[in-house]
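J.:
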Amino acid sequence: MWIASQDILQKVKIEGRSLRIIEKKDIKIFGIALTPSKDILVIAGGSTLKQICGLTGEMTDSKYKVKDLTLSAVHVNADGKVIVGAYSGKVVYPAVGFRQVVIIMDRNGNHESTYEYDTQGNPLFTNIKSITRTMNGNICVADKLFEDNRGRVIILGENGDVLNIFKGHSEVNTDKVPFQPSLVFTTQSDNIVVSSLTHNIYFLNSAGNYIGWCKTSKIGILYPRSFCSTETGQTYAGCVTLKDSSCKAKIYEVRFS
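The sequence shown begins at 1 in the UniProt record's numbering and counts up one residue at a time.
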(Lines of atoms letter the chains of each structure in order from A and count residues from 1; the text may use other names and numbers.)
(Lines give C-alpha, C1' and ligand atoms only; values in the text may rest on other atoms or scores of the structure.)
Protein backbone atom coordinates (compact mmCIF):
# COMPACT_ATOMS: atom_id res chain seq x y z
CA MET A 1 0.00 0.00 0.00
CA TRP A 2 1.20 3.51 -0.86
CA ILE A 3 0.31 6.43 1.43
CA ALA A 4 0.77 10.12 0.68
CA SER A 5 0.96 12.28 3.80
CA GLN A 6 2.00 15.94 3.65
CA ASP A 7 5.41 15.97 1.92
CA ILE A 8 6.11 12.23 2.28
CA LEU A 9 5.14 9.27 0.10
CA GLN A 10 5.46 5.89 1.81
CA LYS A 11 5.10 2.29 0.72
CA VAL A 12 3.84 0.31 3.70
CA LYS A 13 2.67 -3.16 4.62
CA ILE A 14 -0.18 -3.73 7.05
CA GLU A 15 0.85 -6.07 9.84
CA GLY A 16 -1.96 -6.54 12.31
CA ARG A 17 -2.76 -3.11 13.72
CA SER A 18 0.54 -1.59 12.63
CA LEU A 19 2.18 -0.38 9.43
CA ARG A 20 5.67 -1.45 8.44
CA ILE A 21 7.40 1.14 6.26
CA ILE A 22 9.04 -0.48 3.22
CA GLU A 23 10.04 2.64 1.32
CA LYS A 24 9.85 6.39 1.80
CA LYS A 25 10.17 9.32 -0.60
CA ASP A 26 10.32 13.01 0.28
CA ILE A 27 7.88 14.40 -2.27
CA LYS A 28 4.62 16.33 -2.11
CA ILE A 29 1.82 14.44 -3.84
CA PHE A 30 -1.39 16.00 -5.18
CA GLY A 31 -2.89 12.81 -6.60
CA ILE A 32 -2.09 9.11 -6.80
CA ALA A 33 -3.37 6.06 -8.74
CA LEU A 34 -2.38 2.43 -9.27
CA THR A 35 -1.92 0.96 -12.76
CA PRO A 36 -2.85 -2.63 -13.74
CA SER A 37 0.90 -3.42 -13.83
CA LYS A 38 1.19 -2.34 -10.15
CA ASP A 39 3.13 0.83 -10.93
CA ILE A 40 2.09 4.09 -9.29
CA LEU A 41 1.15 7.28 -11.13
CA VAL A 42 1.41 10.44 -9.04
CA ILE A 43 0.83 14.15 -9.48
CA ALA A 44 3.81 16.05 -8.12
CA GLY A 45 3.02 19.35 -9.83
CA GLY A 46 3.35 20.32 -13.46
CA SER A 47 1.95 18.77 -16.62
CA THR A 48 3.50 15.27 -16.54
CA LEU A 49 2.47 12.37 -14.33
CA LYS A 50 5.36 10.76 -12.46
CA GLN A 51 5.59 6.97 -12.56
CA ILE A 52 6.97 4.90 -9.69
CA CYS A 53 7.97 1.34 -10.57
CA GLY A 54 6.20 -1.14 -8.32
CA LEU A 55 9.24 -3.45 -8.27
CA THR A 56 12.19 -1.08 -7.93
CA GLY A 57 10.62 2.10 -6.53
CA GLU A 58 12.36 4.17 -9.21
CA MET A 59 10.50 7.36 -10.11
CA THR A 60 10.54 8.68 -13.68
CA ASP A 61 8.47 10.91 -15.93
CA SER A 62 5.60 8.91 -17.42
CA LYS A 63 4.21 9.09 -20.96
CA TYR A 64 1.05 10.75 -19.62
CA LYS A 65 1.32 14.49 -20.29
CA VAL A 66 -1.00 17.48 -20.65
CA LYS A 67 0.87 20.18 -22.55
CA ASP A 68 0.37 23.76 -21.30
CA LEU A 69 -1.86 22.54 -18.44
CA THR A 70 -1.34 21.66 -14.78
CA LEU A 71 -2.55 18.32 -13.43
CA SER A 72 -5.02 18.29 -10.53
CA ALA A 73 -6.51 14.75 -10.38
CA VAL A 74 -5.76 11.26 -11.70
CA HIS A 75 -7.59 7.93 -11.99
CA VAL A 76 -6.59 4.70 -13.74
CA ASN A 77 -9.29 2.43 -15.19
CA ALA A 78 -9.18 -1.34 -14.92
CA ASP A 79 -8.36 -1.44 -18.65
CA GLY A 80 -5.29 0.74 -18.10
CA LYS A 81 -6.67 3.96 -19.53
CA VAL A 82 -5.74 7.07 -17.54
CA ILE A 83 -8.16 9.88 -16.70
CA VAL A 84 -6.80 13.20 -15.48
CA GLY A 85 -8.15 16.56 -14.45
CA ALA A 86 -6.09 19.58 -15.48
CA TYR A 87 -6.26 23.35 -15.65
CA SER A 88 -4.56 26.33 -17.24
CA GLY A 89 -3.31 29.47 -15.55
CA LYS A 90 -4.14 30.15 -11.92
CA VAL A 91 -7.31 28.92 -10.22
CA VAL A 92 -9.48 31.83 -9.05
CA TYR A 93 -13.06 32.21 -7.83
CA PRO A 94 -15.31 32.92 -9.59
CA ALA A 95 -13.78 30.88 -12.39
CA VAL A 96 -12.91 33.28 -15.19
CA GLY A 97 -10.26 33.11 -17.86
CA PHE A 98 -8.80 29.64 -17.32
CA ARG A 99 -9.53 26.12 -18.54
CA GLN A 100 -10.63 23.10 -16.51
CA VAL A 101 -10.65 19.82 -18.43
CA VAL A 102 -10.99 16.07 -18.02
CA ILE A 103 -8.79 14.10 -20.42
CA ILE A 104 -8.85 10.36 -21.14
CA MET A 105 -5.58 8.82 -22.35
CA ASP A 106 -4.85 5.33 -23.63
CA ARG A 107 -2.03 3.14 -22.30
CA ASN A 108 0.44 4.92 -24.58
CA GLY A 109 -0.47 8.39 -23.38
CA ASN A 110 -2.45 9.34 -26.49
CA HIS A 111 -5.35 11.69 -25.76
CA GLU A 112 -8.61 9.93 -26.67
CA SER A 113 -11.23 12.33 -25.30
CA THR A 114 -11.34 15.77 -23.69
CA TYR A 115 -14.32 17.04 -21.73
CA GLU A 116 -14.50 20.78 -21.08
CA TYR A 117 -17.89 22.20 -22.14
CA ASP A 118 -21.53 21.15 -21.88
CA THR A 119 -23.91 21.01 -24.85
CA GLN A 120 -24.60 24.76 -24.51
CA GLY A 121 -20.91 25.62 -24.63
CA ASN A 122 -20.62 26.43 -20.93
CA PRO A 123 -17.59 25.22 -18.93
CA LEU A 124 -18.33 21.95 -17.14
CA PHE A 125 -15.92 22.43 -14.24
CA THR A 126 -14.61 25.08 -11.85
CA ASN A 127 -11.79 23.29 -9.98
CA ILE A 128 -11.39 19.54 -10.43
CA LYS A 129 -10.35 17.93 -7.14
CA SER A 130 -10.88 14.20 -7.72
CA ILE A 131 -11.96 11.73 -10.42
CA THR A 132 -13.24 8.17 -10.44
CA ARG A 133 -14.95 5.94 -13.00
CA THR A 134 -17.73 3.41 -12.56
CA MET A 135 -17.80 -0.04 -14.13
CA ASN A 136 -20.45 1.06 -16.63
CA GLY A 137 -18.14 3.79 -17.93
CA ASN A 138 -19.49 6.88 -16.19
CA ILE A 139 -16.95 9.45 -14.99
CA CYS A 140 -17.44 11.06 -11.59
CA VAL A 141 -15.77 14.40 -10.80
CA ALA A 142 -15.54 16.26 -7.48
CA ASP A 143 -15.67 19.93 -8.47
CA LYS A 144 -14.81 22.78 -6.07
CA LEU A 145 -16.93 25.86 -6.75
CA PHE A 146 -15.90 28.40 -4.13
CA GLU A 147 -12.93 29.40 -2.00
CA ASP A 148 -14.67 27.98 1.11
CA ASN A 149 -14.61 24.51 -0.53
CA ARG A 150 -18.32 24.32 -1.34
CA GLY A 151 -18.74 22.18 -4.40
CA ARG A 152 -20.61 19.49 -6.29
CA VAL A 153 -20.14 16.08 -7.87
CA ILE A 154 -20.66 15.81 -11.63
CA ILE A 155 -21.45 12.51 -13.37
CA LEU A 156 -20.54 12.29 -17.06
CA GLY A 157 -21.56 9.55 -19.46
CA GLU A 158 -19.03 7.89 -21.75
CA ASN A 159 -19.76 10.50 -24.44
CA GLY A 160 -19.20 13.39 -22.02
CA ASP A 161 -22.86 14.31 -21.49
CA VAL A 162 -23.82 15.40 -17.97
CA LEU A 163 -25.96 12.62 -16.48
CA ASN A 164 -26.28 14.00 -12.98
CA ILE A 165 -25.06 16.67 -10.58
CA PHE A 166 -25.03 16.03 -6.82
CA LYS A 167 -24.91 19.13 -4.62
CA GLY A 168 -25.35 17.51 -1.23
CA HIS A 169 -28.54 16.50 0.57
CA SER A 170 -31.04 18.52 2.60
CA GLU A 171 -30.91 15.87 5.33
CA VAL A 172 -27.29 16.83 5.95
CA ASN A 173 -26.35 20.07 4.28
CA THR A 174 -27.47 23.59 5.16
CA ASP A 175 -26.02 27.08 4.85
CA LYS A 176 -24.14 26.39 8.08
CA VAL A 177 -23.10 22.88 7.01
CA PRO A 178 -22.35 23.23 3.28
CA PHE A 179 -21.52 20.37 0.95
CA GLN A 180 -17.72 20.36 0.62
CA PRO A 181 -16.75 17.30 -1.47
CA SER A 182 -13.16 16.17 -1.24
CA LEU A 183 -12.51 12.83 -2.97
CA VAL A 184 -14.62 10.36 -4.95
CA PHE A 185 -14.16 6.58 -5.00
CA THR A 186 -15.90 3.67 -6.75
CA THR A 187 -16.74 0.66 -4.58
CA GLN A 188 -16.55 -2.94 -5.74
CA SER A 189 -20.36 -2.94 -5.99
CA ASP A 190 -20.08 0.00 -8.44
CA ASN A 191 -21.45 2.66 -6.11
CA ILE A 192 -19.72 5.99 -5.55
CA VAL A 193 -18.42 7.17 -2.18
CA VAL A 194 -17.93 10.91 -1.72
CA SER A 195 -15.80 12.11 1.19
CA SER A 196 -16.09 15.65 2.51
CA LEU A 197 -14.15 18.03 4.73
CA THR A 198 -16.23 16.86 7.71
CA HIS A 199 -17.00 13.41 9.13
CA ASN A 200 -19.79 12.93 6.56
CA ILE A 201 -19.52 10.59 3.58
CA TYR A 202 -22.16 10.26 0.88
CA PHE A 203 -23.20 7.30 -1.26
CA LEU A 204 -24.37 7.55 -4.88
CA ASN A 205 -25.19 4.84 -7.39
CA SER A 206 -23.24 4.61 -10.64
CA ALA A 207 -25.61 7.10 -12.29
CA GLY A 208 -24.99 9.65 -9.54
CA ASN A 209 -28.33 9.23 -7.78
CA TYR A 210 -28.26 9.71 -4.02
CA ILE A 211 -28.43 6.53 -1.92
CA GLY A 212 -27.58 7.70 1.60
CA TRP A 213 -24.99 9.19 3.90
CA CYS A 214 -23.05 8.31 7.04
CA LYS A 215 -21.68 10.43 9.87
CA THR A 216 -18.57 8.38 10.54
CA SER A 217 -17.73 10.11 13.82
CA LYS A 218 -20.59 8.10 15.34
CA ILE A 219 -18.51 4.95 14.83
CA GLY A 220 -15.23 6.56 15.84
CA ILE A 221 -13.85 7.36 12.38
CA LEU A 222 -12.82 11.01 12.25
CA TYR A 223 -12.27 12.95 9.03
CA PRO A 224 -12.18 10.08 6.51
CA ARG A 225 -10.77 11.47 3.30
CA SER A 226 -9.49 8.79 0.90
CA PHE A 227 -10.45 5.21 0.08
CA CYS A 228 -8.84 2.29 -1.74
CA SER A 229 -9.64 -1.36 -2.40
CA THR A 230 -7.40 -4.40 -2.67
CA GLU A 231 -7.57 -7.35 -5.05
CA THR A 232 -8.60 -9.55 -2.12
CA GLY A 233 -11.65 -7.41 -1.37
CA GLN A 234 -10.59 -5.19 1.53
CA THR A 235 -11.43 -1.50 1.49
CA TYR A 236 -9.43 1.00 3.52
CA ALA A 237 -10.30 4.53 4.60
CA GLY A 238 -7.48 7.00 5.14
CA CYS A 239 -8.17 9.84 7.58
CA VAL A 240 -6.66 13.25 8.20
CA THR A 241 -6.10 15.26 11.37
CA LEU A 242 -6.78 18.90 12.07
CA LYS A 243 -4.03 21.44 11.58
CA ASP A 244 -1.67 21.66 14.59
CA SER A 245 -3.15 18.45 16.04
CA SER A 246 -0.75 16.18 17.91
CA CYS A 247 -2.80 13.11 16.94
CA LYS A 248 -1.68 10.73 14.20
CA ALA A 249 -3.89 10.14 11.19
CA LYS A 250 -5.44 6.67 11.08
CA ILE A 251 -6.32 4.05 8.49
CA TYR A 252 -9.40 1.87 8.95
CA GLU A 253 -10.56 -1.25 7.20
CA VAL A 254 -14.19 -0.63 6.30
CA ARG A 255 -17.00 -2.54 4.65
CA PHE A 256 -19.65 -1.06 2.38
CA SER A 257 -22.84 -3.11 2.10
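For every residue, glycine included, the Cβ atom is placed at its ideal position computed from N, Cα and C.
No experiment lies behind these values; they were computed from the predicted model shown.
(1) Check whether the Cβ atoms of PHE179 and SER196 lie closer than 9 Å to each other.
(2) Report the CB separation of TYR93 from LEU69 in whole angstroms; it is logged as a contact under 8 Å.
(3) Buried or exposed: which applies to MET135, given that a residue is buried once 16 or more other Cβ atoms fall within 10 Å of its Cβ?
(4) Among all the DSSP beta bridges, which residues are the ones paired with THR119?
(5) Under a three-way DSSP split, which group does SER196 fall into?
(6) Which one of ILE131, ILE52, THR56, GLY168 has the shortest CA to CA distance from PHE227?
(7) Would you mind working out which of MET105, PRO181, ASP148, ILE139 sits nearest ASP190, comparing C-alpha positions?
(8) Give me the Cα-Cα distance between GLN6 and ARG17, rounded to the nearest whole angstrom.
(9) Closer than 8 Å is the cut-off here; do at least three beta carbon pairs connect the stretch 111 to 124 with the stretch 166 to 179?
(10) Note down, one range per segment and in chain order, each beta strand (DSSP E) of at least 3 residues found wholly within the stretch 199 to 252.
(11) The beta strand (DSSP E) that contains GLN51, what's its start and end?
(12) Measuring only from the beta carbon, is ILE201 closer than 8 Å to any heavy atom that is part of the ligand NAD?
(13) Please report the residue range of the beta strand (DSSP E) in which ASN164 lies.
(14) Quick one: give me the first and last residue of the beta strand (DSSP E) that VAL102 is part of.
(15) Is the beta carbon of ALA249 sitting closer than 9 Å to the one on VAL184?
(16) Any contact between the stretch 227 to 244 and the stretch 149 to 157? By contact I mean 3 or more CB pairs, one from each, below 8 Å.
(17) With DSSP as the reference, please indicate the residues paired to LEU71 in a beta bridge.
(18) Assuming TYR252 and TYR236 make a contact with CB atoms under 8 Å, what is their CB distance in whole Å?
(19) For GLY89, which residues in the same chain have their Cβ closer than 8 Å to its Cβ, ignoring the five residues on either side in sequence?
(20) Helix, strand or coil, according to DSSP, for ILE40 in the structure here?
(21) With a threshold of 8 Å, are at least 3 pairs of Cβ atoms found where one atom belongs to the stretch 101 to 115 and the other to the stretch 72 to 88?
T.: The answer reads as follows:
(1) One-based indexing of the sequence shown puts residue 179 at position 179. One-based indexing of the sequence shown puts residue 196 at position 196. It is a contact, given that the beta carbons lie within the stated cut-off.
(2) Within the sequence shown, residue 93 is the residue found at index 93, counting from 1. Within the sequence shown, residue 69 is the residue found at index 69, counting from 1. The pair is not a contact, with the Cβ atoms about 19 Å apart (cut-off 8 Å).
(3) Start at 1 with the first residue of the sequence shown, and residue 135 comes out as number 135. Exposed, by the Cβ-count rule.
(4) As a working mapping, residue 119 is identified with position 119 in the sequence shown. None, per the DSSP bridge assignment.
(5) Locating residue 196 in the sequence shown gives position 196, where the first residue counts as 1. DSSP places SER196 within a strand segment (E or B) once states are collapsed to three.
(6) As a first step, residue 227 is located in the sequence shown; it is residue number 227 there, counting from the start. Among ILE131, ILE52, THR56, GLY168, the Cα nearest to that of PHE227 is on ILE131.
(7) Reading the sequence shown from its first residue, position 190 is the one you call residue 190. Of MET105, PRO181, ASP148, ILE139, the residue nearest in Cα terms is ILE139.
(8) As a position in the sequence shown, residue 6 is number 6, starting the count at 1. As a position in the sequence shown, residue 17 is number 17, starting the count at 1. C-alpha separation (whole angstroms): 22 Å.
(9) no
(10) 200 to 204, 210 to 215, 224 to 229, 235 to 239
(11) The residue labelled residue 51 in the question sits at position 51 within the sequence shown. Unbroken beta strand (DSSP E) run through GLN51: 48 to 52.
(12) In the structure on display, the ligand NAD does not appear, and there are no ligands present to speak of.
(13) Along the sequence shown, read from residue 1 onward, the residue named residue 164 stands at position 164. Here the beta strand (DSSP E) through ASN164 covers 162 to 166.
(14) As a working mapping, residue 102 is identified with position 102 in the sequence shown. 100 to 105 is the span of the beta strand (DSSP E), which, as asked, contains VAL102.
(15) The sequence position of residue 249 within the sequence shown is 249, counting from 1. The sequence position of residue 184 within the sequence shown is 184, counting from 1. No, the Cβ-Cβ distance between ALA249 and VAL184 is not below 9 Å.
(16) no
(17) Position 71 of the sequence shown, counting from 1, holds the residue named residue 71. In the DSSP output, where bridge partners are listed per residue, LEU71 has ALA86.
(18) Here the question's residue 252 lines up with position 252 in the sequence shown. Here the question's residue 236 lines up with position 236 in the sequence shown. That belief holds up - the Cβ atoms of TYR252 and TYR236 are roughly 7 Å apart, short of 8 Å.
(19) Against the sequence shown, residue 89 aligns to sequence position 89. Cβ within range, chain order: GLY97, PHE98, ARG99.
(20) Here residue 40 refers to the residue found at position 40 of the sequence shown. Per DSSP, reduced to three states, the secondary structure at ILE40 is strand.
(21) yes
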